[in-house]
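Colleague: Have a look at this one.
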Amino acid sequence: MSAQPGTSTEVKWQKVLYERQPFPDNYVDQRFLEELRKNVHARKYRFWAVVFESGVVVQQLCSVCVFVVIWWYMDEGLLAPHWLLGTGLASSLIGYILFDLIDGGEGRRKSGRTRWADLKSALVFITFTYGFSPILKTLTESVSTDTIYAMSVFMLLGHLVFFDYGANAAIVSSTLSLNMAIFASVCLASRLPRSLHAFIMVTFAIQIFALWPMLQKKLKAHTPCSYVGVTLLFAFSALGGLLSISLVGAVLFALLLVAISCLCPFYLIRLQLFKENIHGPWDEAEIKEDLSRFLN
Amino acid sequence: MAYRRRGRHGHPRSATRYRAGRGNLYTFRTRTHNICMVSDFFYPNMGGVESHIYQLSQCLIERGHKVVIVTHAYGNRKGIRYLTNGLKVYYLPLKVMYNQSTATTLFHSLPLLRYIFVRERVTIIHSHSSFSAMAHDALFHAKTMGLQTVFTDHSLFGFADVSSVLTNKLLTVSLCDTNHIICVSYTSKENTVLRAALNPEIVSVIPNAVDPTDFTPDPFRRHDSIITIVVVSRLVYRKGTDLLSGIIPELCQKYPDLNFIIGGEGPKRIILEEVRERYQLHDRVRLLGALEHKDVRNVLVQGHIFLNTSLTEAFCMAIVEAASCGLQVVSTKVGGIPEVLPENLIILCEPSVKSLCEGLEKAISQLKSGTLPAPENLHNIVKTFYTWRNVAERTEKVYDRVAGEAVLPMDRRLDRLISHCGPVTGCIFALLAVFNFLFLIFLRWMTPDSVIDVAIDATGPKGAWTHQYPYSKKRGENNEICKIR
Numbered sequence: 001m002s003a004q005p006g007t008s009t010e011v012k013w014q015k016v017l018y019e020r021q022p023f024p025d026n027y028v029d030q031r032f033l034e035e036l037r038k039n040v041h042a043r044k045y046r047f048w049a050v051v052f053e054s055g056v057v058v059q060q061l062c063s064v065c066v067f068v069v070i071w072w073y074m075d076e077g078l079l080a081p082h083w084l085l086g087t088g089l090a091s092s093l094i095g096y097i098l099f100d101l102i103d104g105g106e107g108r109r110k111s112g113r114t115r116w117a118d119l120k121s122a123l124v125f126i127t128f129t130y131g132f133s134p135i136l137k138t139l140t141e142s143v144s145t146d147t148i149y150a151m152s153v154f155m156l157l158g159h160l161v162f163f164d165y166g167a168n169a170a171i172v173s174s175t176l177s178l179n180m181a182i183f184a185s186v187c188l189a190s191r192l193p194r195s196l197h198a199f200i201m202v203t204f205a206i207q208i209f210a211l212w213p214m215l216q217k218k219l220k221a222h223t224p225c226s227y228v229g230v231t232l233l234f235a236f237s238a239l240g241g242l243l244s245i246s247l248v249g250a251v252l253f254a255l256l257l258v259a260i261s262c263l264c265p266f267y268l269i270r271l272q273l274f275k276e277n278i279h280g281p282w283d284e285a286e287i288k289e290d291l292s293r294f295l296n
Numbered sequence: 001m002a003y004r005r006r007g008r009h010g011h012p013r014s015a016t017r018y019r020a021g022r023g024n025l026y027t028f029r030t031r032t033h034n035i036c037m038v039s040d041f042f043y044p045n046m047g048g049v050e051s052h053i054y055q056l057s058q059c060l061i062e063r064g065h066k067v068v069i070v071t072h073a074y075g076n077r078k079g080i081r082y083l084t085n086g087l088k089v090y091y092l093p094l095k096v097m098y099n100q101s102t103a104t105t106l107f108h109s110l111p112l113l114r115y116i117f118v119r120e121r122v123t124i125i126h127s128h129s130s131f132s133a134m135a136h137d138a139l140f141h142a143k144t145m146g147l148q149t150v151f152t153d154h155s156l157f158g159f160a161d162v163s164s165v166l167t168n169k170l171l172t173v174s175l176c177d178t179n180h181i182i183c184v185s186y187t188s189k190e191n192t193v194l195r196a197a198l199n200p201e202i203v204s205v206i207p208n209a210v211d212p213t214d215f216t217p218d219p220f221r222r223h224d225s226i227i228t229i230v231v232v233s234r235l236v237y238r239k240g241t242d243l244l245s246g247i248i249p250e251l252c253q254k255y256p257d258l259n260f261i262i263g264g265e266g267p268k269r270i271i272l273e274e275v276r277e278r279y280q281l282h283d284r285v286r287l288l289g290a291l292e293h294k295d296v297r298n299v300l301v302q303g304h305i306f307l308n309t310s311l312t313e314a315f316c317m318a319i320v321e322a323a324s325c326g327l328q329v330v331s332t333k334v335g336g337i338p339e340v341l342p343e344n345l346i347i348l349c350e351p352s353v354k355s356l357c358e359g360l361e362k363a364i365s366q367l368k369s370g371t372l373p374a375p376e377n378l379h380n381i382v383k384t385f386y387t388w389r390n391v392a393e394r395t396e397k398v399y400d401r402v403a404g405e406a407v408l409p410m411d412r413r414l415d416r417l418i419s420h421c422g423p424v425t426g427c428i429f430a431l432l433a434v435f436n437f438l439f440l441i442f443l444r445w446m447t448p449d450s451v452i453d454v455a456i457d458a459t460g461p462k463g464a465w466t467h468q469y470p471y472s473k474k475r476g477e478n479n480e481i482c483k484i485r
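Protein chains in written order, with UniProt numbering: chain U, 1 to 296; chain R, 1 to 485.
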């Protein structure tokens, strides 16, 4: 080794490998782990902001609840299909107008989609669903009702799991989520008394699972206050509907909503205190630039 | 690797041993060890870990230790093979699962490994690479059998994602009762200590080495009318190939006399080809494809500047090889790279296209003004930095230290597992350790240690390779050793 034994007391340890240093190989300097950083990218959450964000989950839970309640009423014969069709169409029209009003038609200009195209797809959809509704009605006749219910439950749960709540995760897939919801609606619709019921049920499912979230997203982005109002209103109407069927179900559902919108944010913020995210020179570097410009 | 280097290690031992001052081999060492290197990664696979194991083993043999290597079978290459200087390699018939790493059940390899440990009279198990399941299996079995264990970690790991959280937990379990751990750089040591929650005192830093005689400069091979930047790396995301695809057009537009030579293969090669196509640089950017280790030097000496764009690196051997060939090194400042070369031999940049371009421009202007040191001078400086003999000497100190330590008895090992690895994982692995111990007792009852033949000692102080004893005499000697034990 190059260093002289006599000088070893004054020599300062360096974090270099190319020099033979007068220290044993397992020497631990004071500078050990000095570049360790903790919680560099940790975000500070504010309670009400998190509660606001949890609105998406609440809304989706309520959508599923409203859907099931409406189905129950139809199945029991307490709700006339014409009435549901009328309300559904009316609210869709209002929603359609709102959709453009909220952002002053900016989204429409960006996407370049004409009203004629919207009308065409709506017509095509309604015609085909109406035409196929007798098939939908008889499609699952040979399958036992219990199986249908079980399948619907799984599909609706799957819809909730895979729904795009705005998180950037691998599990999120809005296509899969929508497909599962429509599948559940087809399953449930096939247990209704007539094919008109089935047609209206599937149309309603499209409205509540495909169109309604789009409107919500826009509401949330442009008018947060009205979004809170709409969420509350929606939650209470879902609760009310459930209450008319089952008291226990309504209480449990209310508890679930409170837990998701208040308790979970509270715990998220509390558990942040225990967060210990370690960073240091060993981390894989991130490429922050946009490198695709070199290829375009 | 092994066969190719035979020329170097095959020459008469008296000639290689030794300049004075480097640990006198002829004064007989009081203590020699029987070392078993275990890793999934060995020749014919190629890479840093593989050459590390081979070179270290050769140098340890040179220093009078007995070394055997255990790895898994590579295709047709199975059974026992002897390499240069009687280095014995066991290619075990274990199933390869993913990326040349074997599947592990924690138990199925015990019969084979125990047999090897006993018949080779191994005293120290030295496992390599945290990606190798076999290395961890061997550590587990060795502790059950009461043998000393050493582990070398060659890689860096993050802490953020789920996969690293799980692997770090397994590493904690595997290393919590290992006698000593070796890391290849100080950054790697910090990383390993954090990952496995270790006492830093039992972690040594011993860098990798390069063979300076393999990487000599040859200034006549390069054209001084143009400037050539050399890149030699696998073309994968972690090596920063994306950054390279931004640097090439940026600099080629600025300097008309600039050429790139890129050696290596990988999934990201396609983006380099796209860049070359897009900017019409076919005559200035050469993609050589996969390189054999022996060809690397011939590529390096054609360049003036070496560029390394890695995003993470425990110890970057490529930049040492390049500097040894007399190239100016420009590299990203990640992982252990700042520790590897002194500041005047390397230009460190942030991992971004902008910063790397600035670093390269600095190197180009130095080159044009002629302020860069001559390749021969660079080589003479770098060749003193990292040698395998020095690595072996320092590893030997670890072995000496470990040999003096007691292996944890079973009860204390279980205590350590439970107290150190968390209540759930700790208890599970303590239970597995107990099963392993019972399995070992069963195996000992089936085939007692005494009926296992002692292997012919190829290397080591009384090795068959060193003294050309006739077979019968050698056998008799080995039996004597048995009796002494």
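Virtual Cβ for every residue (Gly too), placed ideally from N, Cα, C.
Note that the structure is predicted; figures quoted are calculated from it, not measured.
Alpha carbon to alpha carbon, how far is Cys183/R from Thr152/R?
Modeller: Taking the first residue of the second sequence as position 1, residue 183/R is located at position 183. Taking the first residue of the second sequence as position 1, residue 152/R is located at position 152. Near 6 Å, if we compare the C-alpha coordinates of Thr152/R and Cys183/R.
Colleague: So, is Met97/R buried or exposed, given that buried needs 16 or more other C-beta atoms within 10 angstroms?
Modeller: Along the second sequence, one-based indexing puts residue 97/R at 97. The residue in question, Met97/R, is exposed, as its Cβ has fewer than 16 Cβ neighbours within 10 Å.
Colleague: What residue does the alpha helix (DSSP H) around Thr395/R start on, and which one ends it?
Modeller: As a position in the second sequence, residue 395/R is number 395, starting the count at 1. Where Thr395/R is concerned, the enclosing alpha helix (DSSP H) stretches over 388-403.
Colleague: If you measure beta-carbon to beta-carbon, which residues of the segment 259-273 of chain U are closer than 7 Å to chain R?
Modeller: none
Colleague: Does the Cβ of Glu34/U have 16 or more other Cβ atoms within 10 Å, making it buried, or fewer, making it exposed?
Modeller: On the first sequence, position 34 is the one that residue 34/U refers to. Answer is exposed; the Cβ neighbour count stays below 16.
Colleague: Mind reading off the beta-carbon distance from Ala406/R to Leu417/R? Whole number of angstroms is fine, and I expect it under 8 Å.
Modeller: Within the second sequence, numbered from 1, the residue matching residue 406/R stands at position 406. Within the second sequence, numbered from 1, the residue matching residue 417/R stands at position 417. Actually they are not in contact, since the Cβ atoms of Ala406/R and Leu417/R sit about 17 Å apart, beyond 8 Å.
Colleague: Have a look at Thr84/R, Pro409/R, Arg114/R and flag the residue whose alpha-carbon is nearest the alpha-carbon of Leu92/R.
Modeller: Translated into the one-based positions of the second sequence, residue 92/R becomes position 92. The shortest Cα separation from Leu92/R among Thr84/R, Pro409/R, Arg114/R belongs to Arg114/R.
Colleague: Spell out whether any CB of chain R is found under 8 Å from the CB atom of Ala285/U.
Modeller: By one-based count along the first sequence, residue 285/U stands at place 285. Yes, Ala285/U lies at the interface with chain R (some Cβ there is under 8 Å from its Cβ).
Colleague: Quick one: residues in its chain with C-beta nearer than 7 Å to the C-beta of Leu268/U, no 5 flanking neighbours on either side, listed in chain order?
Modeller: One-based indexing of the first sequence puts residue 268/U at position 268. So the list reads Tyr45, Val50, once near-sequence residues are dropped.
Colleague: For a contact defined as C-beta to C-beta under 9 Å, what are the partners of Pro22/U on chain R?
Modeller: By 1-based counting over the first sequence, the position of residue 22/U is 22. Within chain R, no residue comes near Pro22/U; the closest Cβ sits about 13 Å away, beyond 9 Å.
Colleague: Could you check the C-alpha separation between Leu132/R and Ile271/R for me, to the nearest Å?
Modeller: Residue numbering aside, residue 132/R sits at position 132 when the second sequence is read from its first letter. Residue numbering aside, residue 271/R sits at position 271 when the second sequence is read from its first letter. According to the sequence displayed, residue 132/R carries Ser and not Leu. One C-alpha to the other measures close to 31 Å.
Colleague: Would DSSP call Asn179/U helix, strand or coil?
Modeller: Residue numbering aside, residue 179/U sits at position 179 when the first sequence is read from its first letter. Asn179/U falls in the helix class under three-state DSSP.
Colleague: Could you spell out the range, first to last residue, of the alpha helix (DSSP H) harbouring Ser237/U?
Modeller: For the purposes of this step, residue 237/U is taken as residue 237 along the first sequence, with counting starting at 1. Unbroken alpha helix (DSSP H) run through Ser237/U: 224-245.
Colleague: Would you mind sorting His41/U into buried or exposed? The rule is 16 or more other CB atoms within 10 Å of its CB.
Modeller: In the first sequence, counting from the first residue as 1, residue 41/U sits at position 41. Counting the other Cβ atoms within 10 Å of the Cβ of His41/U gives fewer than 16, which makes it exposed.
Colleague: Do the CB positions of Pro338/R and Leu348/R come within less than 8 Å of each other?
Modeller: If you number the second sequence from 1, residue 338/R lands on position 338. If you number the second sequence from 1, residue 348/R lands on position 348. In this structure, Leu348/R lies closer than 8 Å to Pro338/R by Cβ.
Colleague: Look up Glu284/U in the DSSP assignment and say whether it is helix, strand or coil.
Modeller: Numbered from its first residue, the first sequence carries residue 284/U at position 284. Glu284/U falls in the coil class under three-state DSSP.
Colleague: In the DSSP assignment, the alpha helix (DSSP H) including Cys65/U goes from what residue to what residue?
Modeller: Working through the first sequence from its first residue, we reach residue 65/U at position 65. Run containing Cys65/U: 55-76, per the alpha helix (DSSP H) assignment.
Colleague: Among Gln366/R, Ile456/R, Cys325/R, whose alpha-carbon lies nearest the alpha-carbon of Ile80/R?
Modeller: Locating residue 80/R in the second sequence gives position 80, where the first residue counts as 1. The shortest Cα separation from Ile80/R among Gln366/R, Ile456/R, Cys325/R belongs to Ile456/R.
Colleague: Go ahead and label Gln30/U buried or exposed: buried means 16 or more other beta carbons lie within 10 angstroms of its beta carbon, across all protein chains shown.
Modeller: Start at 1 with the first residue of the first sequence, and residue 30/U comes out as number 30. Exposed is the call here.
Colleague: Can you tell me where the beta strand (DSSP E) with Gln148/R in it begins and where it stops?
Modeller: Translated into the one-based positions of the second sequence, residue 148/R becomes position 148. Taken as a continuous stretch (DSSP letters only), the beta strand (DSSP E) holding Gln148/R covers 148-153.
Colleague: Using a Cβ-Cβ cut-off of 7 Å (strictly less than) and excluding sequence neighbours within five positions of Ala2/R, which residues of its own chain qualify?
Modeller: Locating residue 2/R in the second sequence gives position 2, where the first residue counts as 1. Low confidence applies here, because Ala2/R scores a pLDDT of 38, under 50, leaving its location unreliable; read the following figure in that light. The residues are Tyr43, Tyr54, Leu83, Thr84.
Colleague: Does the beta-carbon of Asp290/U have 16 or more other beta-carbons within 10 angstroms, so that it is buried, or is it exposed?
Modeller: Your numbering for residue 290/U matches position 290 in the first sequence. The residue is exposed, with fewer than 16 neighbouring Cβ atoms inside 10 Å.
Colleague: So with Cβ pairs under 8 Å, would you call Ile171/U a contact of chain R?
Modeller: In the first sequence, residue 171/U corresponds to position 171, counting from 1. No, because no Cβ of chain R sits closer than 8 Å to the Cβ of Ile171/U.
Colleague: Quick check on Asn168/U - is its C-beta less than 8 Å from some C-beta in chain R?
Modeller: The residue given as residue 168/U occupies position 168 in the first sequence. Chain R, which has no Cβ nearer than 8 Å to the Cβ of Asn168/U, makes this no.
Colleague: Scan the segment 80-99 of chain R for residues whose Cβ lies nearer than 8 Å to a Cβ of chain U and list them as they occur along the chain.
Modeller: none
Colleague: Quick one: does Val16/U have its CB under 8 Å from some CB of chain R?
Modeller: Walking along the first sequence from the start, residue 16/U turns up at place 16. Output row for Val16/U: interface = yes.
Colleague: Which residue's Cα is closest to the Cα of Ser450/R: Arg121/R, Gly75/R, Ser39/R, His379/R?
Modeller: Here residue 450/R corresponds to residue number 450 of the second sequence, with the count starting at 1. Among Arg121/R, Gly75/R, Ser39/R, His379/R, the Cα nearest to that of Ser450/R is on Arg121/R.
Colleague: Just list the alpha helix (DSSP H) runs in the segment 130-214 of chain U, keeping only unbroken ones of 4 residues or longer that don't cross its boundaries, in chain order.
Modeller: 145-162, 174-189, 195-206
Colleague: At a Cβ threshold of 8 Å, is Asn26/U touching chain R?
Modeller: In the first sequence, counting from the first residue as 1, residue 26/U sits at position 26. Answer yes: the Cβ-Cβ gap between Asn26/U and chain R drops below 8 Å somewhere.
Colleague: Tell me, to the nearest whole angstrom, how far the beta carbon of Leu341/R is from that of Val329/R; I am working on the premise that it is less than 8 Å.
Modeller: Counted from its first residue, the second sequence places residue 341/R at position 341. Counted from its first residue, the second sequence places residue 329/R at position 329. Confirmed, Cβ separation roughly 6 Å.
Colleague: Grab the span of the alpha helix (DSSP H) containing Arg444/R for me, first residue to last.
Modeller: For this step, residue 444/R is matched to residue 444 along the second sequence. Taken as a continuous stretch (DSSP letters only), the alpha helix (DSSP H) holding Arg444/R covers 423-446.
Colleague: Expressed to the nearest angstrom, what Euclidean distance is found between the alpha-carbon atoms of Tyr186/R and Cys225/U?
Modeller: For the purposes of this step, residue 186/R is taken as residue 186 along the second sequence, with counting starting at 1. For the purposes of this step, residue 225/U is taken as residue 225 along the first sequence, with counting starting at 1. The alpha-carbon atoms of Tyr186/R and Cys225/U are separated by roughly 54 Å.
Colleague: Would you say Ile202/R faces chain U, with C-beta separation under 8 Å as the test?
Modeller: If you number the second sequence from 1, residue 202/R lands on position 202. Yes, because at least one Cβ of chain U sits closer than 8 Å to the Cβ of Ile202/R.
Colleague: If you run the structure through DSSP and keep just helix, strand and coil, what is Cys59/R?
Modeller: Translated into positions along the second sequence, residue 59/R becomes position 59. Three-state DSSP puts Cys59/R in a helix.
Colleague: Could you check what DSSP says for Met46/R in three-state terms: helix, strand or coil?
Modeller: For the purposes of this step, residue 46/R is taken as residue 46 along the second sequence, with counting starting at 1. Met46/R: coil per DSSP, three-state reduction.
Colleague: Just verifying my parser: in three-state terms, what is the DSSP assignment at Val296/R?
Modeller: Along the second sequence, one-based indexing puts residue 296/R at 296. It is helical.
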